[in-house]
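Undergrad: Quick mapping for you: the protein sequence lines, in order, are chains A, B, C and D. Quick note on numbering: full-length UniProt numbering labels position 174 of the first sequence as 174, and the sequence is numbered without any gaps. Quick note on numbering: full-length UniProt numbering labels position 104 of the second sequence as 104, and the sequence is numbered without any gaps. Quick note on numbering: full-length UniProt numbering labels position 12 of the third sequence as 12, and the sequence is numbered without any gaps. Quick note on numbering: full-length UniProt numbering labels position 206 of the fourth sequence as 206, and the sequence is numbered without any gaps. Virtual Cβ for every residue (Gly too), placed ideally from N, Cα, C. Since we're looking at a predicted model, the values are computed, not measured.
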Amino acid sequence: MGHKIIATGRSATGIPTGRLAVWWVIASEIVIFGGLIATYLLNRFLHGSWAESAAYTNTFIGGANTFWLLTSSYFVVLAHSAAEKRDAKTARKYLWYTIGLGGMFMGFKSYEYATEISHGFTLFTSNFWSFYYTATGLHGFHVLCGMVIMAIIAENDIKKERNWHRVENIGLYWHFVDIVWIFLFPLLYIAK
Amino acid sequence: MASHSHPSYLKIYIMLLVLFVISVAGPEIADIMKLEGATRLILVLITAFGIALVKAYYVLAYFMHLKFEKIYAPYILLSMVALLFVFFFGTATDAMKSEGHNWEKTPIVLPEDKGFDHHDDHGDHSHDDHSGHDH
Amino acid sequence: MLEYFLPRASSFAGSIDHLFDLITYLVMFWFLLTMAFFFYVVFRFRAKAGQKAQYVTGEKHKEKMAVEIPHYLILVCDLVILIYTFKVWHEVKIDMPEFDEEVRVISQQWAWTFEHAGADGILDTDDDIVTINELVLKKDTQYKYELQALDVMHSFSIPVFRLKQDSIPGRNIYGHFKPILEGEWDIQCAEMCGYGHGFMPARVKILPADEYDAWIAANTPADAANTAYANNDESELKEASNNG
Amino acid sequence: MADTATATAVDHHDDHGHSESFWSKYIFSTDHKIIGFQYLFTGMAMGLIGGFFSYVFRMHLAFPGSEVPFFGIVSPAAYNSLVTNHGTIMIFWVAMPVLIAALGNFLIPLMIGCDDMVFPRINRLSYQIFLISAIVLIASFFVPQGGFGGAWTAYPPLSSEAEYNGTPFGAPMWLIAVTLEIVAFLLGGINFITTVMNARAKGMKLYDIPMVVWMIVIASILFMASVGPLVAGAVMLLFDQTLGTGFFDPAAGGDPVLWQHLFWFFGHPEVYVVLLPAMGVVIEIICTFARKKLFGYKMILYSSVGLGILSFFVWAHHQFISGVDPRATYLFTTTTLLISIPVALMLFAMIGTLWGGSIRFTTAMLFALSFIAEFLIGGVTGIWLGSSGTDIYLHDTYFVLAHFHYTFVPIAIIGTFSALYYWFPKMFGRKLNEFWGKIHFWGTIIPFNGIFLPLFILGAAGQHRRIAGYTAYPDLYTENFQDLRVFATGSLIVLILFQIPFFVNFIVSLKRGQKAGPNPWNANTLEWVAPSPPPHGNFGDDLPQVYRGPYEFSVEGREEDYWPQNEPDPGPSETSK
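Below you can see the structure in the form of C-alpha cells.
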C-alpha cells in the first residue's frame, strides 16, 4: 500500500469515515444480537418454566460482570478524552485498564461457566441453557475481539502517536458490547 | 465534535452505577416486601428492563456521543431496532404460542420442569439427553 | 383454468379455481397492455438518423401522473384480488365446518399413514382403520383432518382437492375437506423431507357411500390390538414406500 | 476501521503496473477493480458449476432413470443435493458476488469519482472470506455421504439432524459456507455504504449519484438489516447440527417454524438485494442507449426505498401453508400484493424513459430491454403466489419455480450480461464483439423462455418442486407432461451451448477486441472520465468534480446529446438545468 487512499479521508456526511463504518458495524451487530435476543424472548414467553432455569444463573457473578463492563466503558471514554488531547500516555493507560477489566469479565465468565457445568447445566441441559451459553458465548467472543483490537491499537498506534481516531472507534464498539451485556444481564440473570 | 459540551463522564458513570444497583436490587426488594404475582412482576420488569433501557440510553447518548453525532447515526441504529420489532411481532403469532387457530403444539415435557438439584449428576448430560428424560 | 389439468374433487377446489381465473384475467390484462406498450415504445422510438431524443425529466406533475394513474388502477385490482383471496382463504383454512368424518394423517420419512375413524366415526377407538399410502374417503362427506409429522416437515398435498398443508413435528394441524368426485388421484409430499422426498407417493380414493361402507366393513380390524400403527413399525413402512 | 488513513492532501500515485508481481497485482491487490474482477470471475466459475447442476437434474427429469452424460445415474440423494446446491450457488455465489460485489467494487469508486474504496484492505479481506466460503461449499460435495440435500431453505429438523438428512458432514459445511459468505458480504456492504456516504466526488449531491450506485447501497443496507437474525439462527442451527442442542428440535421445546421465520425474514429481502442492483444496471444502460434522461429519478429512488422497507413485512408469504397461524396470512397477503406497486412503478419509469428516446439496439441494450420484458413475467406471476388463496394450490409447485426463475434469471443472468456488455470496454479497454453478442443474446433469451414457460404449465397441473421420482405419481407421469419436460431440458441445453459464443467472445475480445476510448458509449457518469481500463488510483491526480446529475442526455440547446457529469457549466446563458 504505497500510497494513501484519498477516498478514506473524504467525509461528505461530516462523520469521519472510520466512525461511520463503526456505526454500520454496530447496526449489523444490533440485528445479529437482536435476532438472538428476539428468538430467546419468543421461547421465554412460550415456556414459562424457563424462569426456574434462570433462577440457577448466578446473579452475583452476572452483576459483577456488569460492573466490570460499565467501569471499562468509563475508562474507554477517558481514553478517548485523552486521545483527543493527544495525550498518548494517559490514553494508553486507560486502554490497558479497559483491557484489564475485560480480562476480569472473561475471568468471572470462565469461573461461572465452570461452576455451572460442574453443577450439570451444560449447553445440552435444556434450551434455556443452550440460549444462555450461545448468547453469553457470542457476547464473550465480542469482548475478546474488542480486547485484542484494543491492545493492538494501544501498542501499535497510540504508542507511536498516530491514528488517534481509532481510540474513539474501538471505544464505540466497546460501548456497544457493554450495551449488549446491559440487556443480556436482566434477560438471563434478573428476570425470574 | 470537539466543541460540544457534554456533562462530566464521571457523573454519567456514577449514575450508571446507581441504576445498576437498583436493577440488581429489584427482585431482592420484591422478596423483602413479599410481593407476589402481578405487582412483583411489574416491579421486576421495571427494575430489570426499564432500567436497562435507561442505562443503554446513557451509554449511547453520552459515552458513545450519539447525542452530539450527526443525525444519520441514531437513525441507522433506530431503524435496525425497529426492524427487530417487526421480526418479533411477525414471528410471535406462532413461535411464541402453544396453540392457535386450527393448530396446537403437542405438549412437551421439558427436563427442567422436573426440578433440578443443584448438585445432581455432574456433567453426564449427553447431548441426546434433552428428549425427555426423567429425574 | 386449472380444471383443464385436474378435476375439482373437493368442495373448495372451485373457489380456488375461480380466484385463479380472476387473477389470470386481471393480471393478463395489465401484462398484455404493458407488453404491448413496451414493444410499441421500443419500436417507435428506435434511433433514426438526424432525430434527437426528447428531454423529459419525469419530474413534472403531468408526467408523474402518467405513471401514477395506472398504479392507482393496479391498486384497485389488487384490492379486488385481496378481497376474493380473503374469502377463499377463510373458506379453506380458517373456517372449520361441522364435520361428519375424521381422519388423521401422519407423515414420516417416507410414507403416509392414514388413520380412518372407522365405523363409529371417532378416532382412537378400536375400529380405526389404518392404511399406508392410501387414503380412502366417502364422497360428499365433510371431513376434518388432523395432520402430524413424526420426524421432519412434510407437506400434505392433494392437487385435485387444491389442498396443501405442511406438517410439522411437534404440532397438530387441523383442516377440512369435502370430496365431491369419485376417483383415484395422487397425494404428494410438497416439502423437502430427505432422500425419499421424491418417492413418497400416496393415493386418495374417493368412493360412493355404499362402496365406502363396504370398504369399512371389509377392513375393520377384528382384533384392535393388532392395529399396526406406523410409528411402531417404521422399517416395514420404509419398505412399503420403496415398493410404492 | 483498522484501515483508515488520516485525511491527507492529494498524494502522488505511482503507476503500479510495472514493478509488481502477478501475486501482488492480481491476487492480493487492494485495488477495488481487481477485487471486483476476482468477485466477477469467481462468480462466473460458480455460475458454471450451478449451471452444470441444473443440466444434470434437468436431464434426469427429462429422461428419468437413464444415465446423464458427464455425470451418470442420478440417485435421489444426488438429486436433492444438486437442486439444493444449485439454488444456494446461484443466489449466494453467483447473483450476490456478481451483481453486488463485482459491480459494486468495480463501479462505486469510479462512479462517485474517488480513487478506491474507503477500506481497501477490508475489501480484500471480504473477498478472501468469500473465496474460502466458496471452497468450503465445493468441498462439501466431496465429503463422505455427499453434499447437503435439504433444499436451500434448510428447514429443520431435516437440516439439523444427520439422522434425517443423511449428510453428517455436508450439512454443517453447507451452513458454514453460507455463514462465511454472509460475513464476507457484511464486510463488503459496510465498505460500499461508507464509501458512497463519505467519499463522493466534490459537488456530487445525493441526487447526482448514479442509480446503480444507489441501488447497490440500498441493497447492501437491506442485506445488512435482514441478515442479522439469520446469522443468529445459523449459529443455533450449527449448534443443533454439530453439538446436538435443541434450538429447533420440537422434542426439546424448540420450534422448527422459528427457523423458517429467521430464514425468510432474510430470504425475502434477499430477493430485493439482488433485484435492485440489476435494476440499477438496466437503468444506466437504458438511459445511455435511449439517449434520455431518466424518467422520474426521485420517484424511482423513493420507490426502491419503499420497496426495501416493505420487503421486511412480507416474509411470511413463503410460509402461508407451512403451519403458521392462518390468521397472520391476512396481513402478509396484503403487504405482498402492495409490494407489486413499487416494483411496477420502477418498471413503468423505465418504459417512461424509453418514451421519446432514440433507442440504439446494442447488445447491452437488448439485454436490458429483455430484462424489463422477462422480469415483468416474473413479477406478474408473483400475484398468483402472493394471493394466499391460490398459493394453497400453487405453493411449492413448478409454478413457483418458474416464477422465481423468471425473476432471478433476468436479475442474475440477463442483468449480469447487460452489465458485462456495457462495462466491458471500461473493464478491459476493448469492446466485446457486437455480432456474436447479438447471437448470444437471442440464443439466451429464446431458450430461457423455452425452459420456464412449460414449467408454468407443469406447475399449474400440480407437479411439485424437488421431486426426483415423479414417475411414481401416475397423475404426473403422462406423455404430454413428459413432452414438456423434455422440451424444457432441450431448451436448457441450447441455452448452455449458446454461452460458448459468449465465453469465446469474452476471451478473444480481451486481446483482439475493438479498442475503446475512455467513453465509447457517450455516457455521462464519472467512470467514463477515467481511461479504459482505469489505472490504479483511477483518475490520476485530479479527481473529477461533479456539476450535474448523471442522466443529462439530449439536453436542448446542446450540440452533443450527452453532458458528462464532470464537465463544468459553460456559462449561465446555456444551462438548462
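F553(D) versus chain C: which residues are under 7 angstroms apart at the beta carbon?
TA: One-based indexing of the fourth sequence puts residue 553(D) at position 553. Under the 7 angstroms cutoff, chain C gives A53.
Undergrad: For P326(D), count the other beta carbons within 10 Å of its own beta carbon; 16 or more makes it buried, fewer makes it exposed. Which is it?
TA: Taking the first residue of the fourth sequence as 1, we reach residue 326(D) at position 326. Result: buried.
Undergrad: What are the start and end residues of the beta strand (DSSP E) that includes F148(D)?
TA: For the purposes of this step, residue 148(D) is identified with residue 148 of the fourth sequence, where counting begins at 1. Element bounds for F148(D): n/a, residue is neither H nor E.
Undergrad: How many angstroms separate the CA atom of E59(C) from the CA atom of Y297(D)?
TA: Here residue 59(C) is taken as the residue at index 59 of the third sequence, counted from 1. Here residue 297(D) is taken as the residue at index 297 of the fourth sequence, counted from 1. For E59(C) and Y297(D), the distance between alpha carbons rounds to 8 angstroms.
Undergrad: By the DSSP assignment, the alpha helix (DSSP H) with L158(D) in it spans what residues?
TA: As a first step, residue 158(D) is located in the fourth sequence; it is residue number 158 there, counting from the start. From DSSP, L158(D) is part of no alpha helix (DSSP H); its letter is neither H nor E.
Undergrad: Do you know how far the Cα of R19(A) is from the Cα of A91(A)?
TA: What you label residue 91(A) is simply residue 91 of the first sequence in a count that begins at 1. What you label residue 19(A) is simply residue 19 of the first sequence in a count that begins at 1. Roughly 18 angstroms separates the two Cα atoms.
Undergrad: Is E552(D) helix, strand or coil by DSSP?
TA: In the fourth sequence, counting from the first residue as 1, residue 552(D) sits at position 552. E552(D) falls in the coil class under three-state DSSP.
Undergrad: Does G115(B) come out as helix, strand or coil in the three-state DSSP assignment?
TA: For the purposes of this step, residue 115(B) is taken as residue 115 along the second sequence, with counting starting at 1. Low confidence applies here, because G115(B) scores a pLDDT of 39, under 50, leaving its location unreliable and the question unanswered by this model.
Undergrad: For L70(A) and F448(D), I'd like the C-alpha separation in whole angstroms.
TA: Position 70 of the first sequence, counted from the first residue, corresponds to residue 70(A). Position 448 of the fourth sequence, counted from the first residue, corresponds to residue 448(D). Roughly 60 angstroms separates the two Cα atoms.
Undergrad: How do the region 65-81 of chain B and the region 20-40 of chain B stand: do at least 3 beta-carbon pairs fall below 8 angstroms, yes or no?
TA: Segments in contact, no.
Undergrad: Give the residues of chain C in contact with M299(D), contact being defined as C-beta atoms less than 9 angstroms apart.
TA: The count along the fourth sequence starts at 1 and reaches residue 299(D) at position 299. In chain order: G58, E59, K64, V67 and E68.
Undergrad: Where F332(D) and A316(D) are concerned, what is the direct C-alpha to C-alpha distance, given to the nearest angstrom?
TA: Locating residue 332(D) in the fourth sequence gives position 332, counting from the first residue. Locating residue 316(D) in the fourth sequence gives position 316, counting from the first residue. C-alpha separation (whole angstroms): 6 angstroms.
Undergrad: Along chain D, in chain order, which residues have C-beta atoms closer than 8 angstroms to that of T93(B)?
TA: One-based indexing of the second sequence puts residue 93(B) at position 93. Residues of chain D passing the Cβ test: V324, D325, R327 and A328.
Undergrad: Restricting to Cα atoms, I'd like to know which of V178(D), F502(D), T288(D) and F320(D) is closest to L137(D).
TA: Counting from one through the fourth sequence, the residue named residue 137(D) turns up at place 137. That would be V178(D), whose Cα lies nearest to the Cα of L137(D).
Undergrad: Using the three-state DSSP reduction, which class does A530(D) fall into: helix, strand or coil?
TA: Numbered from its first residue, the fourth sequence carries residue 530(D) at position 530. In this structure, A530(D) counts as coil in the three-state DSSP scheme.
Undergrad: Does DSSP put E104(B) in a helix, a strand or coil?
TA: Counting from 1 along the second sequence, the entry for residue 104(B) is found at position 104. If DSSP states are grouped into helix, strand and coil, E104(B) belongs with the strands.
Undergrad: Counting only Cβ pairs nearer than 8 angstroms, list the residues of chain B close to V31(A).
TA: Translated into the one-based positions of the first sequence, residue 31(A) becomes position 31. Chain B residues near V31(A): M80, L83 and L84.
Undergrad: Between the alpha carbons of I5(A) and Q38(D), how many angstroms are there, rounded?
TA: Start at 1 with the first residue of the first sequence, and residue 5(A) comes out as number 5. Start at 1 with the first residue of the fourth sequence, and residue 38(D) comes out as number 38. Between I5(A) and Q38(D), the C-alpha separation is close to 21 angstroms.
Undergrad: Just how far apart, CA to CA, sit L172(A) and W112(C)?
TA: Along the first sequence, one-based indexing puts residue 172(A) at 172. Along the third sequence, one-based indexing puts residue 112(C) at 112. Looking at the two C-alpha atoms, the distance is approximately 56 angstroms.
Undergrad: Would A12(A) count as contacting chain D if we go by Cβ distances under 7 angstroms?
TA: Working through the first sequence from its first residue, we reach residue 12(A) at position 12. Cβ-Cβ to chain D under 7 angstroms: yes for A12(A).
Undergrad: Using a Cβ cut-off of 7 angstroms, pull out every chain G residue sitting near N172(C), in sequence order please.
TA: As a matter of chain content, chain G is missing from the structure shown, whose protein chains are A, B, C and D.
Undergrad: Mind checking whether I135(D) and L180(D) have CB atoms under 7 angstroms apart?
TA: Locating residue 135(D) in the fourth sequence gives position 135, where the first residue counts as 1. Locating residue 180(D) in the fourth sequence gives position 180, where the first residue counts as 1. For I135(D) and L180(D), no; Cβs fall outside 7 angstroms.
Undergrad: Compute the Euclidean distance between the alpha carbons of L394(D) and G323(D), then round it to the nearest angstrom.
TA: Here the question's residue 394(D) lines up with position 394 in the fourth sequence. Here the question's residue 323(D) lines up with position 323 in the fourth sequence. Approximately 16 angstroms between the Cα atoms of the pair.
Undergrad: Go ahead and pull the three-state DSSP assignment for W112(C).
TA: Taking the first residue of the third sequence as position 1, residue 112(C) is located at position 112. Of the three classes helix, strand and coil, the one that applies to W112(C) here is strand, per DSSP.
Undergrad: Give, in chain order, every unbroken run of the beta strand (DSSP E) that is at least 3 residues long and sits entirely within the region 436-511 of chain D.
TA: Whole beta strand (DSSP E) segments, 3+ residues: zero.
Undergrad: I'd like to check one pair, W442(D) with N505(D): are the Cβ atoms closer than 7 angstroms?
TA: As a first step, residue 505(D) is located in the fourth sequence; it is residue number 505 there, counting from the start. As a first step, residue 442(D) is located in the fourth sequence; it is residue number 442 there, counting from the start. Going by C-beta atoms, N505(D) is not nearer than 7 angstroms to W442(D).
Undergrad: Write down the C-beta distance between L230(D) and F263(D) rounded to the nearest angstrom, noting that I regard them as a contact closer than 8 angstroms.
TA: The sequence position of residue 230(D) within the fourth sequence is 230, counting from 1. The sequence position of residue 263(D) within the fourth sequence is 263, counting from 1. So it is a contact: roughly 6 angstroms between Cβ atoms.
Undergrad: For the beta strand (DSSP E) that Q128(D) lies in, which residues bound it at each end?
TA: For this step, residue 128(D) is matched to residue 128 along the fourth sequence. Note, Q128(D): premise wrong, no beta strand (DSSP E); alpha helix (DSSP H) at P120 to S140.
Undergrad: Under a CB-based cut-off of 7 angstroms, is W528(D) close to chain C?
TA: If you number the fourth sequence from 1, residue 528(D) lands on position 528. For W528(D), the answer is no, since every Cβ of chain C falls outside 7 angstroms of its Cβ.
Undergrad: Output needed for F266(D): all residues of its chain with C-beta closer than 6 angstroms, excluding positions within five of it in sequence on either side, in chain order.
TA: For the purposes of this step, residue 266(D) is taken as the residue at position 266 of the fourth sequence. Only S226, V227 and L230 meet the Cβ criterion.
Undergrad: By DSSP, does H154(C) sit in helix, in strand, or in coil?
TA: The residue you call residue 154(C) lines up with position 154 of the third sequence. Three-state result, H154(C): strand.
Undergrad: From the DSSP output, in three-state form, read off Y74(A) for me.
TA: The residue you call residue 74(A) lines up with position 74 of the first sequence. Looking at Y74(A) - three-state DSSP - the assignment turns out to be helix.
Undergrad: In the DSSP assignment, find the unbroken alpha helix (DSSP H) run with K67(B) in it and report its ends.
TA: Along the second sequence, read from residue 1 onward, the residue named residue 67(B) stands at position 67. It is not in any alpha helix (DSSP H) - K67(B) carries neither H nor E in the DSSP assignment.
Undergrad: For the region 32-104 of chain D, which segments carrying the alpha helix (DSSP H) assignment without a break, of at least 4 residues, lie completely within its bounds, in sequence order?
TA: Counting whole runs of 4 or more residues, the region 32-104 of chain D contains the alpha helix (DSSP H) stretches 32-62 and 76-88.
Undergrad: Does any C-beta atom of chain D lie closer than 7 angstroms to the C-beta of V76(C)?
TA: Locating residue 76(C) in the third sequence gives position 76, counting from the first residue. Chain D contact via Cβ: absent.
Undergrad: Report yes if the CB atom of T407(D) is closer than 7 angstroms to the CB atom of G378(D), and no otherwise.
TA: For the purposes of this step, residue 407(D) is taken as the residue at position 407 of the fourth sequence. For the purposes of this step, residue 378(D) is taken as the residue at position 378 of the fourth sequence. Going by C-beta atoms, T407(D) is nearer than 7 angstroms to G378(D).
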